[in-house]
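S.K.:
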C-alpha cells in the first residue's frame, strides 16, 4: 500500500490538501483537508446585519456574488422583508451570468488541463483541427488560419528562453491523456478564447452592479442599482441593450463552443463515467425565483433532496435537519465535538491541533482540516451542478430534462453515468446551457416590468434598525455555481449575535464526521485509478470535477505510514 | 469612455507588427500604451518607451496567495489591455500562480522554489491575501509550510513585491476586529522590504498592469505615499473626482435607494458614501474596461482601499460624521478643511479601529 498527498491542489480557489492511500493501482482511502482559516464568522459578530453581505462576499472572490445573495436573503428572512420585482430580476440576472461565466472558466481554465495535454497540441495539424472543430460546431473562429496562429503562439511561448511559465512541471505526456493532438489544439484555442470571453460577458456585473469581482449593488430589501428609463444613471434602454448583447455572446459561446467541446472530449474519457461517484446523496436549495420577490415555490431550479442515487424519490428539504460536525476539524464546540450543531447554534471556536509547520503529513486519525463536516439527517451530501441538475431532472423541469437527455443520448450513456467524475463535468455544462438560455427570459421580464412604470428597486420599510424586533433569526439560501449555499443569522438588539455560513465546498470537502462517514471528496476518490503515483493526475480530475473552492496536496507512503515514494520535480 | 487612440504616438513600426502577428491589433496596442502612460501620469512622449518595455525579456513573476479569496487573481483575469492571456504569454513569465498554473502538489511547489533560487533578487513577487501569525503558522499552510515562513523567504529574495488588494496591503478582512487569526500585512511582516501596496477590494486590474508596466519601463517602482500606495492611483480622494460631486456642492442628495434623486444620480453622501475619506482613482479608471464603479451603480463607496476600512468605515450605510455644509449651496473651502480634518483623524486612528462603528449609533437616522 502507498500513501499519496497533493498540496497544494492548484487551479482552485483557496488552500486544499488531499492525502490518500493506494493499493493495486487504485485509491482505497482518502482525506480532504483545508489548510487556511480566516474567521470571518467571528468578525461578523456585533456588526450591523445590513453590512453582513459586504463581509461575506469576501468569503470568495471567484463566485463573488453568491455570499451577498445568501447573506441578504438570511437577513430578509429574519426580518420578514419582501423585495420588489425589479430587485428579484436584477438578482436573477446577476446570479445567472455568474453561474454561466464561472462554469466556463472552470471547464477551460481550472479543469481542462486535467484532460488536455497542452504540449501535444504542438504536434497538431491545424487543417485537421479545423476539420474537427467544424464537424462539431458552427463556431465562426474554426478556421485553419486561426488554429495555425494559436499553434504558433503556443510554440513561440513554449520555446522562449523564459520557459513554460504557468504550464511548467505539469503532468504532460502522462498516459492518462488520451486526446489526439488536433483535439488538444482545439481545446487550447478555446482556453484562450474563453479567457477573452469571460471578461466580456461579466461586464453585465459592472452594468448592474459597479464591478466584478465583488459587485457593490446588493442591499437588504433590494438593490442599489437604480432602474429608470429616463435617466442616464439608471438601468435604461441603452443598458438593457448592452446586457442583451452580452447575454447573446454568453449563450453563443456556451452553445457553440463549451457544449460541443464537452461532447467532443467526453468519448475519449468514457471510462470516467464509472469513476468518482461519491456519496450518492444530493442536495439542492433551488433558486431563481420567477414570481413575487423571492417565492421559493416559484424557483426555476427546484429545491430538493435525493438519497442513495434514488432519482425516483425526490424528497423535500427540511432546514432543521442541517448540522455541522467538527469531530475531525480544528474547532471546538462548547458541548463537545462529537455532536452536530444546527447553524443557528453553530460555533466557530478555532483550535489548531495539527502538526507544527513545516510538516510532511497530517495526523488523519485526529482533527485534520479547517473545514467542518456538514450533514443532512446526519448524512454527507454532495452539492453542486450535478445535485442541482439531478434534483431538477427528478422533478421533471422541462429545460433541464431536455438538456440532460440530449447529452446522454449524444454520449450513448445511461442516466446512471451521471453519478461519476464525467457526470459531474457534463452536469456543469448542462447547468451552464440551461442558465445561459434562461438569462434572456429574465432580461425580457425586467424590460417588461420597467415598461409598466415600476421603478422600485428597494423596500425601505424595515431599512431603519429601529423598526426591527429585539430578536430575530433567519436563513438564506442560494444555488451558487458550486452548489447549495446557506447562511444563518441571529440578530439581537440590531446587531449580529451569531452568523454561520455552510458553503458548497464545506459540504463537499468536509472531513469525516463523528460517525466516521467520509465527506464527498473523500468518498469520490475511493476506487480512482492511479497509473503513476508520482503524477496523480487522476486525483486532480475527480477533485476538480467538484470545482473546489479551497487548496491541497498528495504524498505517497506505505501502509505503516512511512513514505515509500516522494513526488519529485522533473 | 475615453478613447486615447487619437493621441500623438510614435511606436516603432516593428513593435506594432510584432503585436499584430500575435493577434493584437495595432489600435488595441496603441490604446493600451497610451492609457497606461496616462494612468501612470507620465507625459505622452513616454508612450514609445512603454511600448518598448513590453518587448523586453519576460521578467519572472511569482504570484502567491495566503489568506485570500482569489478576488485579486480574478480581477487580473478580467484585465483588459493587455489581457491576462497577453500578459501571461507575452509580457511576464508567470512562474507560480495557484489559480492559473497547470502543475499541482510538490511539482507546483518545486516550480516556486526553483524560480526563487534561479531568479534570486530579480523576480517580481505578487502577494494576495494577508498572513496569519497565530496558531504557530497553522492558520495557513501551503505544501505544509506556513504562510509566515513562505512569505518572508519570498519577499527577501524578490526584486520588488507588489501587494494586490487590501488584505496583503493592510491586513484586510482577516485582520478586521477581533482579528481571530492574527493576520498582518506584508509590510508589517517584513518591514523595510521594497513593497508597493495596491489596496482595494479587489485590486483594480488597470492599476496592477500600470504598476507592472512602470516597473518594466523604469526598472523601479512608482512613487508612493506614506502607506506605500502609488501616487498615480491613490493621490486623490474619490470625492475629488466623483461624477456626483457637483450634486454634493449643490446640496442635492439621494435620501433613499431608488428615490427620484437616487435615480437622477444625486450625491450618495447621506446613504453612507465614504468617498470623502477614501484615496483611490475609481472615478477616473473605473472597473471592467472603464464601464462602471460603485458610485455610478448607485451604491456609496465603502472605502475599501483604506487601512482597516472594515472597522473604521462601517457601518457602511451610516453617513460620515462631521462633514459640514451639506443641504445648501456649500462653501467648498469649508468642506475641504472639514474633510481633511476628518480624514487625518481616521488615519491617525490605528488602534482606534471602531471609532465610527462603536460611536454614536443613535445620532444617525438613515
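Chains as they are written, first to last, in this note's numbering: chain A, 1305 to 1874; chain B, 3 to 368.
All residues carry an ideal CB built from backbone N, CA and C; glycine is no exception.
Interface residues of chain A around residue 379/B at Cβ under 8 Å?
M.R.: As shown, chain B starts at 3 and ends at 368. That puts residue 379/B outside it, with no answer to give.
S.K.: Quick one: measure Cβ to Cβ for residue 236/B and residue 133/B, integer angstroms, because I've assumed they're closer than 8 Å.
M.R.: Actually they are not in contact, since the Cβ atoms of residue 236/B and residue 133/B sit about 22 Å apart, beyond 8 Å.
S.K.: Is the Cβ of residue 282/B closer than 8 Å to any Cβ of chain A?
M.R.: Judged by the 8 Å Cβ criterion, residue 282/B is not in contact with chain A.
S.K.: Under 8 Å between the Cβ atoms of residue 204/B and residue 30/B?
M.R.: No. Outside cutoff.
S.K.: Given a threshold of 16 other Cβ atoms within 10 Å of its Cβ, counted over all protein chains shown, does residue 1593/A qualify as buried or as exposed?
M.R.: Residue 1593/A is buried by the Cβ-count criterion.
S.K.: Taking contact to mean 3 or more Cβ pairs, one atom from each stretch, closer than 8 Å, check whether the segment 1364–1381 of chain A and the segment 1777–1784 of chain A are in contact.
M.R.: Contact holds: three or more Cβ-Cβ distances are below 8 Å.
S.K.: Does any C-beta atom of chain A lie closer than 8 Å to the C-beta of residue 295/B?
M.R.: Answer yes: the Cβ-Cβ gap between residue 295/B and chain A drops below 8 Å somewhere.
S.K.: Who are the neighbours of residue 1376/A on chain B, taking C-beta pairs under 8 Å?
M.R.: Within 8 Å Cβ-Cβ: nothing; residue 1376/A doesn't reach chain B, min ~13 Å.
S.K.: Given residue 1617/A, which residues of its chain have a CB within under 7 Å of its CB, disregarding the five upstream and five downstream residues?
M.R.: Taken in chain order, the list of residues that qualify is empty.
S.K.: Count the other CB atoms, across all protein chains shown, that sit within 10 Å of the CB of residue 331/B; report buried if there are 16 or more and exposed otherwise.
M.R.: Because the pLDDT of residue 331/B is 38, which lies under 50, any placement of that residue in the model is unreliable, and the number read from its coordinates should be weighed accordingly. Its Cβ having fewer than 16 others within 10 Å, residue 331/B is exposed.
S.K.: Can you find a CB in chain A that lies within less than 8 Å of the CB of residue 112/B?
M.R.: Chain A, which has a Cβ nearer than 8 Å to the Cβ of residue 112/B, makes this yes.
S.K.: Use the C-beta contact count for residue 1424/A: other C-beta atoms within 10 angstroms, 16 or more gives buried, fewer gives exposed.
M.R.: Counting Cβ neighbours within 10 Å, residue 1424/A comes out buried, since at least 16 surround it.
S.K.: Can you check DSSP and say which residues form a bridge with residue 1309/A?
M.R.: According to DSSP, which records beta bridges pairwise, residue 1309/A is partnered with 1323/A.
S.K.: Starting from the C-beta of residue 1839/A, find all residues in its chain whose C-beta is less than 6 Å away, skip the five residues before and the five after it, and write them out in chain order.
M.R.: 1475, 1478, listed in sequence order.
S.K.: Grab me the residues of residue 57/B's own chain with a C-beta within less than 8 Å of its C-beta, minus the 5 sequence neighbours each way, in chain order.
M.R.: Excluding sequence neighbours, residue 57/B sits near 17, 20.
S.K.: What does the alpha-carbon distance come out to for the pair residue 1912/A and residue 1576/A?
M.R.: Coverage of chain A is limited to positions 1305 through 1874, which leaves residue 1912/A absent and any answer about it impossible.
S.K.: First and last residue of the beta strand (DSSP E) that includes residue 67/B?
M.R.: First-last of the beta strand (DSSP E) with residue 67/B: 62–67.
S.K.: Please report how far the alpha carbon of residue 1337/A lies from the alpha carbon of residue 188/B, in whole angstroms.
M.R.: The straight-line gap from Cα to Cα measures roughly 26 Å.
S.K.: Is there a C-beta anywhere in chain B that falls below 8 Å from the one on residue 1359/A?
M.R.: Yes, residue 1359/A lies at the interface with chain B (some Cβ there is under 8 Å from its Cβ).
S.K.: Figure out for me which residue from 1629/A, 1836/A, 1512/A, 1613/A has the closest Cα to the Cα of residue 1550/A.
M.R.: Nearest of 1629/A, 1836/A, 1512/A, 1613/A to residue 1550/A, Cα basis: 1512/A.
S.K.: Mind checking the segment 79–90 of chain B against chain A and listing, in chain order, the residues whose C-beta falls within less than 9 Å of any C-beta there?
M.R.: So the list reads 79, 80, 81, 82, 85, 86, 87, 90, given in the order they occur along the chain.
S.K.: Are three or more beta carbon pairs between the segment 236–254 of chain B and the segment 47–56 of chain B nearer than 8 Å?
M.R.: Contact between the segment 236–254 of chain B and the segment 47–56 of chain B is absent, because fewer than three Cβ pairs lie under 8 Å.
S.K.: By DSSP's criteria, residue 165/B is part of a beta bridge. Which residues make up the other side?
M.R.: Bridge partners of residue 165/B: 129/B, 199/B.
S.K.: Is the segment 1346–1362 of chain A touching the segment 134–148 of chain B, taking contact as three or more C-beta pairs under 8 Å?
M.R.: Result no; under three Cβ-Cβ pairs closer than 8 Å.
S.K.: Note down, in chain order, each residue of its chain lying with its Cβ closer than 7 Å to the Cβ of residue 48/B, except the 5 sequence neighbours on either side.
M.R.: Within the same chain, residue 48/B has close Cβ partners 39.
S.K.: Any beta carbon of chain A sitting closer than 8 Å to that of residue 340/B?
M.R.: Model confidence at residue 340/B stands at a pLDDT of 46, short of 50, so the residue's coordinates are unreliable; what they give is reported in the following sentence. Not closer than 8 Å to any Cβ of chain A, the Cβ of residue 340/B fails to qualify, so no.
S.K.: Is residue 1607/A closer than 8 Å to residue 1644/A when the C-beta atoms are compared?
M.R.: No, the Cβ-Cβ distance between residue 1644/A and residue 1607/A is not below 8 Å.
S.K.: State the start and end residues of the unbroken alpha helix (DSSP H) segment that holds residue 1799/A.
M.R.: Run containing residue 1799/A: none in the alpha helix (DSSP H); it sits in the beta strand (DSSP E), 1799–1806.
S.K.: Would a check of beta-carbon distances place residue 1444/A closer than 8 Å to chain B?
M.R.: So, not an interface residue.
S.K.: Looking at the unbroken alpha helix (DSSP H) that takes in residue 1706/A, where does it start and where does it end?
M.R.: Unbroken alpha helix (DSSP H) run through residue 1706/A: 1702–1715.
S.K.: Based on the DSSP output, what are the partners of residue 1677/A in its beta bridges?
M.R.: Beta-bridge pairing links residue 1677/A to 1629/A.
S.K.: Can you give the beta carbon distance from residue 1293/A to residue 1496/A, rounded, assuming they're within the 8 Å contact cut?
M.R.: Absent from the structure is residue 1293/A, since the part of chain A shown begins at 1305 and ends at 1874.
S.K.: So which residues on chain D does residue 1781/A lean against when the C-beta distance must stay under 9 Å?
M.R.: Absent here is chain D; the protein component of the structure consists of chains A and B.
S.K.: Buried or exposed: where does residue 1650/A fall if 16 or more other Cβ atoms within 10 Å of its Cβ makes it buried?
M.R.: Its Cβ being crowded by 16 or more others within 10 Å, residue 1650/A is buried.
S.K.: Below 6 Å CB to CB, which residues in the same chain sit around residue 1357/A once its five sequence neighbours on both sides are set aside?
M.R.: 1372, 1375, 1376, 1522, listed in sequence order.
S.K.: Quick one: what's residue 1635/A bridged to in DSSP?
M.R.: Bridge partners of residue 1635/A: 1654/A.
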